[in-house]
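Number of protein chains: 2
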Amino acid sequence: MSAGKIRLYVEHPLGEGQTLGLSRDQAHYLFGVMRRKLGEVVTLFNGRDGAWAAEVVEAGKRGGVLAVQAQTAPQRDPPDLWLCFAPIKKARTDFIVEKATEMGAARIQPVQTAFTNAERIRRDRLQAHAVEAAEQCGGTFVPPVADLTSLDALLRDWPADRRLMFCDEALASDDAQQAGPGVSAPSCSEGAAGAPWAILIGPEGGFSDAERARLRAMPQAETVQLGPRILRADTAAVAALALWQQRLGDWR
Amino acid sequence: MSAGKIRLYVEHPLGEGQTLGLSRDQAHYLFGVMRRKLGEVVTLFNGRDGAWAAEVVEAGKRGGVLAVQAQTAPQRDPPDLWLCFAPIKKARTDFIVEKATEMGAARIQPVQTAFTNAERIRRDRLQAHAVEAAEQCGGTFVPPVADLTSLDALLRDWPADRRLMFCDEALASDDAQQAGPGVSAPSCSEGAAGAPWAILIGPEGGFSDAERARLRAMPQAETVQLGPRILRADTAAVAALALWQQRLGDWR
Numbered sequence: 093m094s095a096g097k098i099r100l101y102v103e104h105p106l107g108e109g110q111t112l113g114l115s116r117d118q119a120h121y122l123f124g125v126m127r128r129k130l131g132e133v134v135t136l137f138n139g140r141d142g143a144w145a146a147e148v149v150e151a152g153k154r155g156g157v158l159a160v161q162a163q164t165a166p167q168r169d170p171p172d173l174w175l176c177f178a179p180i181k182k183a184r185t186d187f188i189v190e191k192a193t194e195m196g197a198a199r200i201q202p203v204q205t206a207f208t209n210a211e212r213i214r215r216d217r218l219q220a221h222a223v224e225a226a227e228q229c230g231g232t233f234v235p236p237v238a239d240l241t242s243l244d245a246l247l248r249d250w251p252a253d254r255r256l257m258f259c260d261e262a263l264a265s266d267d268a269q270q271a272g273p274g275v276s277a278p279s280c281s282e283g284a285a286g287a288p289w290a291i292l293i294g295p296e297g298g299f300s301d302a303e304r305a306r307l308r309a310m311p312q313a314e315t316v317q318l319g320p321r322i323l324r325a326d327t328a329a330v331a332a333l334a335l336w337q338q339r340l341g342d343w344r
Numbered sequence: 093m094s095a096g097k098i099r100l101y102v103e104h105p106l107g108e109g110q111t112l113g114l115s116r117d118q119a120h121y122l123f124g125v126m127r128r129k130l131g132e133v134v135t136l137f138n139g140r141d142g143a144w145a146a147e148v149v150e151a152g153k154r155g156g157v158l159a160v161q162a163q164t165a166p167q168r169d170p171p172d173l174w175l176c177f178a179p180i181k182k183a184r185t186d187f188i189v190e191k192a193t194e195m196g197a198a199r200i201q202p203v204q205t206a207f208t209n210a211e212r213i214r215r216d217r218l219q220a221h222a223v224e225a226a227e228q229c230g231g232t233f234v235p236p237v238a239d240l241t242s243l244d245a246l247l248r249d250w251p252a253d254r255r256l257m258f259c260d261e262a263l264a265s266d267d268a269q270q271a272g273p274g275v276s277a278p279s280c281s282e283g284a285a286g287a288p289w290a291i292l293i294g295p296e297g298g299f300s301d302a303e304r305a306r307l308r309a310m311p312q313a314e315t316v317q318l319g320p321r322i323l324r325a326d327t328a329a330v331a332a333l334a335l336w337q338q339r340l341g342d343w344r
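Note that the protein sequences, when read in sequence, are chains A and B.
Quick note on numbering: the first sequence equals residues 93 to 344 in this note's numbering.
Quick note on numbering: the second sequence equals residues 93 to 344 in this note's numbering.
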């Protein structure tokens with residue numbers, strides 16, 4: 093990996109001629125793990141100012157200083173898409189956050205549903221996963237991970253103008269044809285590009301009948317089916333994000 | 093989980109009135125882990141005969157007997173789609189096999205490329221992951237996991253009639269526009285539904301220039317771009333499978 097390929101998320105504003113100090117963790121990563129040396133160049137981003145080349149001007153075991161040189165990529169924000177999902181087992185929840193970041197979600201919203209086992213999440217740990225995924229995928233944006241909220245509260249305050257792609261795993265069966273009206277192919281309506289959207293992925297046990305009825309009744313909601321097999325929640329999240337990005341997002 | 097919801101893959105032929113003996117592992121899972129009892133019903137499939145209800149007629153610590161009753165779902169094979177991918181770190185390779193099964197690949201082909209670190213795979217372990225994913229996702233088909241082969245050998249014998257969706261991560265950047273002709277949107281050509289297809293996902297380091305040139309020159313190949321961020325291989329596999337299934341496969 094060449095020096096410039098190391099990408100580091102920082103909170104500091106980025107601009108030509110700025111210098112910034114490294115935390116102990118960042119210094120350990122850059123100098124201990126990645127073996128960067130004085131004079132070498134890394135890439136910095138802060139989620140707002142694009143990507144910047146920065147030179148190592150001080151390197152120590154407990155800290156260091158970088159001098160910001162020039163912008164190497166403009167800031168690029170993802171489309172206004174939330175990924176709402178019910179937390180599952182630890183490793184798979186981490187994966188969903190990582191994948192949502194790579195796939196270009198603008199906000200990650202953990203949701204407690206009737207069949208969700210998780211009572212709480214470690215928001216700070218999930219946020220760190222989003223940072224790491226952004227460093228890895230070459231993006232300049234880090235989606236905020238919101239606090240766990242109940243589906244009830246989320247839907248009560250649902251914005252009138254935000255459409256909702258509701259992935260109903262109950263449709264993944266041979267009786268999907270009897271699902272009734274309002275169920276669309278996995279592609280959501282065109283003509284809605286540029287509008288605020290959200291994707292909602294249920295827990296392993298799916299949604300309760302009451303939740304499903306409430307979601308179907310929302311004028312903003314569009315029920316979609318992700319094929320004839322039942323997908324795990326982490327698989328469903330990536331699949332739904334891919335279909336959305338291709339149809340309405342920044343993969344077009 | 094109700095009794096009938098337990099799904100077990102067996103190698104035995106399935107038909108009305110058949111009985112079949114359980115291996116020690118299967119008995120441990122059914123009676124020890126899942127606490128099934130005499131007279132309860134589970135679902136069996138063997139990848140060929142659809143899904144069948146079967147009653148527990150003997151249950152022991154080291155074995156048991158099931159009596160096959162009636163077919164509950166017809167055999168449903170996925171479209172003729174191979175997923176070819178370069179093995180990566182162990183956990184992520186397991187994930188790719190799991191996801192390919194859920195998403196409906198017909199064959200899983202690990203490929204050694206110029207930048208692939210893995211020298212070998214545990215084919216039997218990956219196959220077991222595919223079985224477990226099929227049990228989980230409600231499918232009746234288990235994709236075979238092939239032995240690791242070199243990209244060179246794979247392409248040398250590439251079938252003339254099998255189209256290849258080549259996911260080139262080098263296009264995931266701001267200079268993607270300069271990628272040249274032959275690069276399509278992430279959706280592959282329509283009008284090719286029903287034809288044999290394959291998806292090829294590269295390793296973390298992408299493809300070498302020589303590999304890329306060779307792939308681009310194949311008449312069967314279609315180069316696609318999966319958005320502006322660089323996806324990890326396991327993310328790319330799910331995203332590519334979703335786009336393909338929606339456009340050409342059994343999600344239509």
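Quick reminder that beta carbons are idealized off the backbone N, C-alpha and C, glycines included.
Next item on the list: Using a Cβ cut-off of 7 Å (strictly closer), state whether Pro179 (chain B) contacts chain A.
Entry: Closer than 7 Å: no.
Next item on the list: Could you tell me whether the Cβ of Ala290 (chain A) comes closer than 7 Å to any Cβ of chain B?
Entry: So, not an interface residue.
Next item on the list: Please look up how many angstroms separate the CB atoms of Ile200 (chain B) and Asp326 (chain B), rounded, as I've assumed it's under 8 Å.
Entry: Taking C-beta atoms under 8 Å as the contact rule, Ile200 (chain B) and Asp326 (chain B) fail to qualify, at a distance of about 13 Å.
Next item on the list: Return the CA-CA distance between Leu175 (chain B) and Trp289 (chain B), expressed in angstroms with no decimal places.
Entry: Cα-Cα distance, rounded: 9 Å.
Next item on the list: Return no unless some Cβ of chain A is closer than 7 Å to the Cβ of Asp172 (chain B).
Entry: Among the residues facing chain A, Asp172 (chain B) is not included, as its CB has no counterpart in that chain under 7 Å away.
Margin query: Please state the DSSP three-state secondary structure of Thr332 (chain A).
Written below: In the sequence on display, residue 332 (chain A) carries Ala and not Thr. Ala332 (chain A) falls in the helix class under three-state DSSP.
Check: Roughly how many whole angstroms lie between the Cα atoms of Ala162 (chain B) and Gly142 (chain B)?
Finding: Each residue's Cα considered, the two are about 10 Å apart.
Item checked: Residue nearest to Pro166 (chain B) in terms of C-alpha spacing, selected from B:Gln228, B:Asn138 and B:Ala309 -> The shortest C-alpha separation from Pro166 (chain B) is found at B:Asn138.
Next item on the list: Would you mind telling me which residues of chain B sit closer than 7 Å to Asp342 (chain A), beta carbon to beta carbon, in chain order?
Entry: Simply Gly319 and Pro320.
Notebook entry, point to check: chain A beta carbons: is any one of them nearer than 7 Å to that of Glu314 (chain B)?
Noted result: Not closer than 7 Å to any Cβ of chain A, the Cβ of Glu314 (chain B) fails to qualify, so no.
Notebook entry, point to check: Does the segment 199 to 219 of chain A come close enough to the segment 250 to 267 of chain B that 3 or more CB-CB pairs lie under 8 Å?
Noted result: Verdict: no, contact absent.
Item checked: Arg324 (chain A) classed as buried or exposed, judged by whether at least 16 other C-beta atoms fall within 10 angstroms -> The residue in question, Arg324 (chain A), is buried, as its Cβ has 16 or more Cβ neighbours within 10 Å.
Next item on the list: Evaluate Met310 (chain B) with the Cβ neighbour count: other Cβ atoms within 10 Å of its Cβ, from every protein chain shown; 16 or more gives buried, anything less gives exposed.
Entry: The residue is exposed, with fewer than 16 neighbouring Cβ atoms inside 10 Å.
Check: What's the call for Gly113 (chain A), buried or exposed, on a 16-neighbour Cβ count within 10 Å?
Finding: With fewer than 16 other CB atoms across the displayed protein chains lying within 10 angstroms of its CB, Gly113 (chain A) is exposed.
Notebook entry, point to check: Roughly how many whole angstroms lie between the Cα atoms of Asp342 (chain B) and Thr111 (chain A)?
Noted result: When rounded, the distance between both Cα atoms is 54 Å.
Next item on the list: Could I get the ranges of all uninterrupted beta strand (DSSP E) runs contained in the segment 127 to 159 of chain B, with 3 residues as the minimum, in chain order?
Entry: With a minimum length of 3 residues, the continuous beta strand (DSSP E) runs that stay inside the segment 127 to 159 of chain B are 133 to 137 and 143 to 151.
Next item on the list: Give the straight-line distance between the Cα atoms of Gly272 (chain B) and Cys259 (chain B), rounded to the nearest whole angstrom.
Entry: With a pLDDT of 39 at Gly272 (chain B), under the threshold of 50, the modelled position of that residue is not reliable, and the figure given next carries that caveat. One Cα belongs to Gly272 (chain B), the other to Cys259 (chain B), and the distance between them is close to 15 Å.
Check: Under a Cβ-count criterion, where at least 16 other Cβ atoms within 10 Å of its own Cβ denotes burial, should Lys191 (chain B) be classed as buried or exposed?
Finding: Within a 10 Å sphere around the beta-carbon of Lys191 (chain B) sit 16 or more other beta-carbons, which makes this residue buried.
Next item on the list: Ignoring anything shorter than 4 residues or poking outside the segment 163 to 211 of chain B, list the alpha helix (DSSP H) runs there in chain order.
Entry: Within the segment 163 to 211 of chain B, the alpha helix (DSSP H) runs of at least 4 residues that lie entirely inside it are, in chain order, 182 to 195.
Notebook entry, point to check: Could one say the Cβ of Cys259 (chain B) lies closer than 7 Å to chain A's Cβ atoms, at least one of them?
Noted result: Closer than 7 Å: no.
Next item on the list: Determine the burial state of Gly124 (chain B): buried for a count of at least 16 other Cβ atoms within 10 Å of its Cβ, exposed for fewer.
Entry: By the 10 Å Cβ count, Gly124 (chain B) comes out exposed.
Notebook entry, point to check: Which of helix, strand or coil does DSSP assign to Ala309 (chain B)?
Noted result: In this structure, DSSP gives Ala309 (chain B) a helical state, which the three-state scheme calls helix.
Note to self: Check this for me: beta carbons of Ala264 (chain B) and Pro320 (chain B), under 7 Å apart or not?
What the structure shows: With respect to the 7 Å criterion, Ala264 (chain B) and Pro320 (chain B) are classified as neighbours on the basis of their beta carbons.
Checklist line | Min CB distance Leu256 (chain B) to chain A below 7 Å | finding: For Leu256 (chain B), the nearest beta carbon of chain A is not closer than 7 Å to its own beta carbon.
Check: Going by C-alpha distance, which of A:Ala332, A:Ala210 and A:Val203 is nearest Lys181 (chain A)?
Finding: With respect to the C-alpha of Lys181 (chain A), the residue from A:Ala332, A:Ala210 and A:Val203 having the closest C-alpha is A:Ala210.
Check: Going by Cα to Cα distance, which pick from A:Thr164, A:Ala238, A:Pro170 and A:Glu296 is closest to Arg344 (chain A)?
Finding: Of the listed residues, the one whose Cα sits closest to Arg344 (chain A) is A:Pro170.
Notebook entry, point to check: What residues from chain A crowd round Arg324 (chain B), counting only those whose CB sits closer than 9 Å?
Noted result: Going along chain A in sequence order, the residues near Arg324 (chain B) (Cβ under 9 Å) are Glu190, Lys191, Glu194, Ala225, Gln228 and Cys229.
Notebook entry, point to check: Considering only residues of the same chain and omitting the five flanking positions on each side of Val102 (chain A), which have a CB-CB separation below 7 Å?
Noted result: Only residues of its own chain outside the window of five on either side were considered, and among them Leu112, Leu136 and Asn138 have a CB closer than 7 Å to the CB of Val102 (chain A), listed in chain order.
Item checked: Boundaries (first-last residue) of the beta strand (DSSP E) holding Leu292 (chain B) -> Trp289 to Ile293 is the extent of the beta strand (DSSP E) around Leu292 (chain B).
Checklist line | CA nearest to the CA of Gly107 (chain A), picked from A:Met126, A:Ala145, A:Gln118 and A:Ala119 | finding: Nearest Cα to Gly107 (chain A) within the set A:Met126, A:Ala145, A:Gln118 and A:Ala119: A:Ala145.
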